[in-house]
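Shown next, in structure tokens, is the structure this report addresses.
2 protein chains.
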Amino acid sequence: MAKVKKQPRPKALPPKGFRDYFGSEVTERKHMLDQIAAVYHRYGFEALESPAVETVEALGKFLPDVDRPNEGVFAWQDEDDSWMALRYDLTAPLARVYAQHRNDLPTPYRRYAMGPVWRNEKPGPGRYRQFYQCDADTVGTASVAADAEICAMLSDTLEHVGIPRGDYVVRVNNRKVLNGVLEAMGLPEEAGVRDDVLRTIDKFDKVGEEGVRQLLTKGRLDASGAYIDGVGLSEDQAEPVIAFLTSKAADAAKTFENLRGAVGTSRIGAEGIAELEQIGDLLAAGGYGAERIEIDPSVVRGLGYYTGPVFEAELTFEIFDEKGRKRQFGSVSGGGRYDDLVKRFTGQPVPATGVSIGVDRLLAALREKGRIRSTATGPVVVTVMDKARMADYQAMVAELRNAGIRAEVYLGNPKNFGNQLKYADMRRSPVAIIQGGDEAERGVVQVKDLVLGAKIAESATLEEWKAQPAQTEVPLGDMVAEVRRILAGSEG
Amino acid sequence: MAKVKKQPRPKALPPKGFRDYFGSEVTERKHMLDQIAAVYHRYGFEALESPAVETVEALGKFLPDVDRPNEGVFAWQDEDDSWMALRYDLTAPLARVYAQHRNDLPTPYRRYAMGPVWRNEKPGPGRYRQFYQCDADTVGTASVAADAEICAMLSDTLEHVGIPRGDYVVRVNNRKVLNGVLEAMGLPEEAGVRDDVLRTIDKFDKVGEEGVRQLLTKGRLDASGAYIDGVGLSEDQAEPVIAFLTSKAADAAKTFENLRGAVGTSRIGAEGIAELEQIGDLLAAGGYGAERIEIDPSVVRGLGYYTGPVFEAELTFEIFDEKGRKRQFGSVSGGGRYDDLVKRFTGQPVPATGVSIGVDRLLAALREKGRIRSTATGPVVVTVMDKARMADYQAMVAELRNAGIRAEVYLGNPKNFGNQLKYADMRRSPVAIIQGGDEAERGVVQVKDLVLGAKIAESATLEEWKAQPAQTEVPLGDMVAEVRRILAGSEG
Numbered sequence: 001m002a003k004v005k006k007q008p009r010p011k012a013l014p015p016k017g018f019r020d021y022f023g024s025e026v027t028e029r030k031h032m033l034d035q036i037a038a039v040y041h042r043y044g045f046e047a048l049e050s051p052a053v054e055t056v057e058a059l060g061k062f063l064p065d066v067d068r069p070n071e072g073v074f075a076w077q078d079e080d081d082s083w084m085a086l087r088y089d090l091t092a093p094l095a096r097v098y099a100q101h102r103n104d105l106p107t108p109y110r111r112y113a114m115g116p117v118w119r120n121e122k123p124g125p126g127r128y129r130q131f132y133q134c135d136a137d138t139v140g141t142a143s144v145a146a147d148a149e150i151c152a153m154l155s156d157t158l159e160h161v162g163i164p165r166g167d168y169v170v171r172v173n174n175r176k177v178l179n180g181v182l183e184a185m186g187l188p189e190e191a192g193v194r195d196d197v198l199r200t201i202d203k204f205d206k207v208g209e210e211g212v213r214q215l216l217t218k219g220r221l222d223a224s225g226a227y228i229d230g231v232g233l234s235e236d237q238a239e240p241v242i243a244f245l246t247s248k249a250a251d252a253a254k255t256f257e258n259l260r261g262a263v264g265t266s267r268i269g270a271e272g273i274a275e276l277e278q279i280g281d282l283l284a285a286g287g288y289g290a291e292r293i294e295i296d297p298s299v300v301r302g303l304g305y306y307t308g309p310v311f312e313a314e315l316t317f318e319i320f321d322e323k324g325r326k327r328q329f330g331s332v333s334g335g336g337r338y339d340d341l342v343k344r345f346t347g348q349p350v351p352a353t354g355v356s357i358g359v360d361r362l363l364a365a366l367r368e369k370g371r372i373r374s375t376a377t378g379p380v381v382v383t384v385m386d387k388a389r390m391a392d393y394q395a396m397v398a399e400l401r402n403a404g405i406r407a408e409v410y411l412g413n414p415k416n417f418g419n420q421l422k423y424a425d426m427r428r429s430p431v432a433i434i435q436g437g438d439e440a441e442r443g444v445v446q447v448k449d450l451v452l453g454a455k456i457a458e459s460a461t462l463e464e465w466k467a468q469p470a471q472t473e474v475p476l477g478d479m480v481a482e483v484r485r486i487l488a489g490s491e492g
Numbered sequence: 001m002a003k004v005k006k007q008p009r010p011k012a013l014p015p016k017g018f019r020d021y022f023g024s025e026v027t028e029r030k031h032m033l034d035q036i037a038a039v040y041h042r043y044g045f046e047a048l049e050s051p052a053v054e055t056v057e058a059l060g061k062f063l064p065d066v067d068r069p070n071e072g073v074f075a076w077q078d079e080d081d082s083w084m085a086l087r088y089d090l091t092a093p094l095a096r097v098y099a100q101h102r103n104d105l106p107t108p109y110r111r112y113a114m115g116p117v118w119r120n121e122k123p124g125p126g127r128y129r130q131f132y133q134c135d136a137d138t139v140g141t142a143s144v145a146a147d148a149e150i151c152a153m154l155s156d157t158l159e160h161v162g163i164p165r166g167d168y169v170v171r172v173n174n175r176k177v178l179n180g181v182l183e184a185m186g187l188p189e190e191a192g193v194r195d196d197v198l199r200t201i202d203k204f205d206k207v208g209e210e211g212v213r214q215l216l217t218k219g220r221l222d223a224s225g226a227y228i229d230g231v232g233l234s235e236d237q238a239e240p241v242i243a244f245l246t247s248k249a250a251d252a253a254k255t256f257e258n259l260r261g262a263v264g265t266s267r268i269g270a271e272g273i274a275e276l277e278q279i280g281d282l283l284a285a286g287g288y289g290a291e292r293i294e295i296d297p298s299v300v301r302g303l304g305y306y307t308g309p310v311f312e313a314e315l316t317f318e319i320f321d322e323k324g325r326k327r328q329f330g331s332v333s334g335g336g337r338y339d340d341l342v343k344r345f346t347g348q349p350v351p352a353t354g355v356s357i358g359v360d361r362l363l364a365a366l367r368e369k370g371r372i373r374s375t376a377t378g379p380v381v382v383t384v385m386d387k388a389r390m391a392d393y394q395a396m397v398a399e400l401r402n403a404g405i406r407a408e409v410y411l412g413n414p415k416n417f418g419n420q421l422k423y424a425d426m427r428r429s430p431v432a433i434i435q436g437g438d439e440a441e442r443g444v445v446q447v448k449d450l451v452l453g454a455k456i457a458e459s460a461t462l463e464e465w466k467a468q469p470a471q472t473e474v475p476l477g478d479m480v481a482e483v484r485r486i487l488a489g490s491e492g
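Quick note, the sequences are listed as chains A and B, same order.
When we follow the numbering used here, the leftmost residue of the first sequence carries the number 1, and every step to the right adds one.
When we follow the numbering used here, the leftmost residue of the second sequence carries the number 1, and every step to the right adds one.
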């Protein structure tokens, strides 16, 4: 190692697009992940933790003939010049893990995984380059019972973390039905026009029925005044796509009838509809009605990526967005069937289906609804009146902890007692313990109820203030009991 | 993006030195981290999660004038050519976080952090390039009460995760005492000979008292027959170092007397001894006797890095190593005071002290002692006798899950029933549910106790086998109760 040169001070900042999480931000997310894992576990899914780093060839999507892998991931070269990268999701690593260990894993293999993933993208407000995902997948079965199970589990999970029934809906669609529609339209399988139609369908959420119709045919003037070229289909050709997207009816039987109209005689289309019917039957048998999980052909997210059923969980309650407008909270989870992912490694197709929950969005939703269990209460603070008697204070704090009470001794400079109370305030401490020389001689401590004290300070007269009902003197032997009494009261 | 070329199949392997963790490997570690976090929280420490990625300048130890940062970390360049790297520990990020947010954080700031860290080192057997650390640090106080608190917390943590008192000891030393020894020896502060002495002391664990004496003076023939040059001190000069390393006596008072002899009139040495005495007093006041935490000047690990008190937790029970030799399990945690880390950013010294637990080693120790709570029981498996009746099986599994029982329906190819039982075996399922057409007509299910069944299969006669006491037929309405009865029995 060469000699270190005198350097300017480093900047105390994380890299652009990364951030720190403090205290309850960490524990609230952890609590939610624990709750999700409990449901996944109950469904028979097993935990898997793969490394944050994978080879670029295992992650896929990369080019061997360029000097540096393309954007989207953080990648670098190992000593032997092979490229490695931070995982960008939890699905690509699962494909690698399953291909590697398939002889030692049960078939089907149900696994869940949770942890950070990294995207080398331009960060923006609320968009970070490291964020959490929480996935569950079933690998090795083509049965739509696996898809139905994932939907049921997603519904149970949302309710378990605190989204009440009625505030969410899991919507199910099927890529095969869309394939049937494309077949019914007579579009050639390989032609670029199929991709154009898929891309157009992706805009359904934004532009609606009439917008899609225009984009599929002659084109459309968008909100900015720009003219967007159309795909160039005739109105007749576009009709099955519109019929597909708008096929959702009040009851499932009618929806399926509409879909049958949209796919015509297409075999793959009929197969897709049969799968949706089966999923509906299985869910009904498990007690999951349409108020929780519904067949909805207007779900277009992921139709380009998945090969069979696709699912999306939406929160249906309204919030105010940053501009003060009311809108639905929207999607917190998506997934579907992807039958080709493991094939990259093994050459053999391995059917798989799964779901990913956007943990940070779900947390935001729960905060929005005021449904996060507060873990923000600070520790009891044992103040330091006499530095030389630190051992006594240490003994007090040990006694509190041994009684299971979160507690700490003040370790800053004890000279200014006001600073100690300011510290307790910053720590959201519910109680402070005070023992000066006089109290020590008499074998007592002052137990100060800081929550009550703050309330009094807001509104008390001088007389009330002097009466100090928020502070009680008790024998040292009663300290734990008195603290417990105050803590029990402040929780109520 | 350029056109993707036809590529050979990717290898289904993680990068060298990385590995996957399955099922109970994940949940057992998680359970231990939860237990550790509970103790840290009780001590008033707050969670912090900083990103996996930091700028290379914030991590430190790097050179601006070489093309690629030196080995030891995984580093790469961002779009703007600045270097970023995966964190190699949790302390360097803490220094950055504290420097950045110090105006919004309480003083002192107690924080804990747990998560993976990455080292770009040559992997070896049992040595991975990603592993977990679990740290607690107190930033912003020079008080040795903070060091004593860390030691007490470490002792409580080890007992809380399942290491009984007597099977571990936390040892405490102080770099300042060693500085006093070096002063007493008359070694110049800046000279390279100090570093030579520090490096020699680091070998005390391996070569012992006589080995250190030889290495400090004229040199030593090592086990391989090679001659190791000595530092070149006289026997008299080496004596204070030996006195320091061997100063531990049966009681602390005698140890301190020995240390006073070793540091002579050195002011810094006297300060270091006073600190150790204070730590001992504070711990005694908290009820932490020498059987849990002891002052031990023979602890040399980290003396080169830390600036004040250093601590190490050792497990004292014996295990058999890979060669079948008995040895003590050894160190699972270390820490100490490092007063210069934040200064890199702010220019102002910020005192800090902390500890890091080697989570994987501690887990290995608990497994070695058979103290890991097994989480390996699989789900109840509802078998599939008739594919067309999947909705019925789905309803059964939903009923089990709603009763809080971990359960799944068999989703593989149901043709061969033997395969379904093999699957249940691989999943360590305690119970299988069986319902063929005949049972369905009669409204009953077969509930098969797989644990008892396996026992019988091992030792049963043909008659016993036929009697099949491990399988019971019950009305469908009693399924949950019967499963509960079996699960309660198999836990006992």
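Using N, Cα and C, we set each Cβ at its ideal position, and we do this for glycine too.
Backbone CA spacing between V474 of chain B and V445 of chain B [nearest angstrom]: 6 Å
Taking only the alpha-carbon atoms, compute the straight-line gap between F62 of chain A and V73 of chain A and give it to the nearest angstrom. Interpretation of F62 of chain A is limited by its pLDDT of 46, a score under 50 that renders its predicted location unreliable; the figure taken from the coordinates is listed afterwards. Spanning the two alpha carbons is a distance of roughly 10 Å.
Ordered along the chain, which non-local residues of its own chain (more than five positions away) have a Cβ less than 8 Å from that of R220 of chain B? V207, G211, Q214, Y227, I228, G230
Please decide whether D196 of chain B counts as near chain A, where near means a Cβ-Cβ distance under 8 Å. no
When you compare only the Cα positions, how much space is there between N103 of chain B and Q348 of chain B? 14 Å
Note down, in chain order, all residues in the segment 437-458 of chain B with a beta-carbon under 8 Å from any beta-carbon belonging to chain A. none
What are the start and end residues of the beta strand (DSSP E) that includes Y338 of chain A? Counting along the chain, Y338 of chain A falls outside any beta strand (DSSP E), and DSSP gives it neither H nor E.
Compute the Euclidean distance between the alpha carbons of L233 of chain A and G180 of chain A, then round it to the nearest angstrom. 17 Å
By Cβ distance, which residues of its chain are closer than 8 Å to R68 of chain B, with the 5 residues on each side in sequence left out? Residue placement at R68 of chain B is flagged as unreliable, the pLDDT there being 49, under the threshold of 50; the coordinate-derived value follows with that caveat. For R68 of chain B, where only same-chain residues beyond five positions count, the Cβ hits under 8 Å are A75.
Check the Cβ-Cβ distances between S234 of chain B and every residue of chain A, and say whether any is below 8 Å. no
Closest to L158 of chain A by CA distance: which of A:A37, A:I242, A:L476, A:Y21 is it? A:A37
Over the uninterrupted alpha helix (DSSP H) stretch that includes Y281 of chain A, give me the two end residues. Position check: residue 281 of chain A holds Asp in this sequence, whereas Tyr was assumed. Run containing D281 of chain A: 267-285, per the alpha helix (DSSP H) assignment.
Buried or exposed for K122 of chain A, going by 16 or more other Cβ atoms inside 10 Å? exposed
K369 of chain A versus V39 of chain A: straight-line alpha-carbon distance, rounded: 22 Å
Counted within 10 angstroms of its Cβ, other Cβ atoms place R267 of chain B as buried (16 or more) or exposed: exposed
On a Cα-Cα basis, can you pick out the residue from B:R401, B:A388, B:R406, B:T472 that is closest to P414 of chain B? B:A388
Roughly how many whole angstroms lie between the Cα atoms of N419 of chain A and G44 of chain B? 18 Å
Would you tell me roughly how many angstroms separate the C-alpha atoms of A58 of chain B and N174 of chain B, rounded to the nearest one? 28 Å
Name the residue from A:V332, A:G330, A:T353, A:R427 whose alpha carbon lies nearest to the alpha carbon of G378 of chain A. A:R427
Helix, strand or coil for K11 of chain A per DSSP? coil
Quick check on DSSP: helix, strand or coil for V241 of chain B? helix
Using Cβ-Cβ distances below 7 Å, what residues of the segment 370-390 of chain B are close to chain A? P379, M390
Examine chain A for any beta-carbon lying closer than 8 Å to the beta-carbon of P349 of chain B, and answer yes or no. no
Using C-beta distances below 8 Å, list every residue in its chain close to A270 of chain B, excluding the 5 sequence neighbours before and after it, in chain order. G180, R260, V263
Got a sec: is the Cβ-Cβ distance from D67 of chain B to anything in chain A below 8 Å? Any reading at D67 of chain B must be qualified, since the residue scores a pLDDT of 46, below 50, and its modelled position is unreliable; no value is offered.
What does the alpha-carbon distance come out to for the pair E257 of chain A and V382 of chain B? 33 Å
My parser needs the alpha helix (DSSP H) runs of 4 or more residues fully inside the segment 177-201 of chain A; what are they? 192-201
Tell me the rounded alpha-carbon separation between G492 of chain B and R485 of chain B. Here the model assigns G492 of chain B a pLDDT of 44, short of 50, so the residue's position is not dependable and the matter cannot be decided.
Leaving out five residues before and five after Q133 of chain B in sequence, what residues of the same chain have Cβ atoms less than 6 Å from its Cβ? L90, V117, S356
Determine the chain A residues that contact F345 of chain B at a beta-carbon separation under 7 Å, and present them in chain order. R9, P10, A12
Applying the criterion that 16 or more other CB atoms from any shown protein chain within 10 Å of the CB defines a buried residue, is N416 of chain A buried or exposed? exposed
Looking at C-alpha atoms only, which residue of A:A352, A:W83, A:L178, A:G115 is the closest neighbour of K30 of chain A? A:G115
Let me know the secondary structure DSSP gives K493 of chain B once reduced to three states. Because chain B in this structure spans residues 1 to 492, residue 493 of chain B falls outside the shown range and cannot be described.
Report yes if the CB atom of V172 of chain B is closer than 8 Å to the CB atom of I319 of chain B, and no otherwise. no
Using a Cβ cut-off of 8 Å (strictly closer), state whether F22 of chain A contacts chain B. yes
Sequence-distant residues of its chain with Cβ nearer than 8 Å to W83 of chain B (five each side left out): T55, V56, E57, F62, P69, A75, W76, Q77
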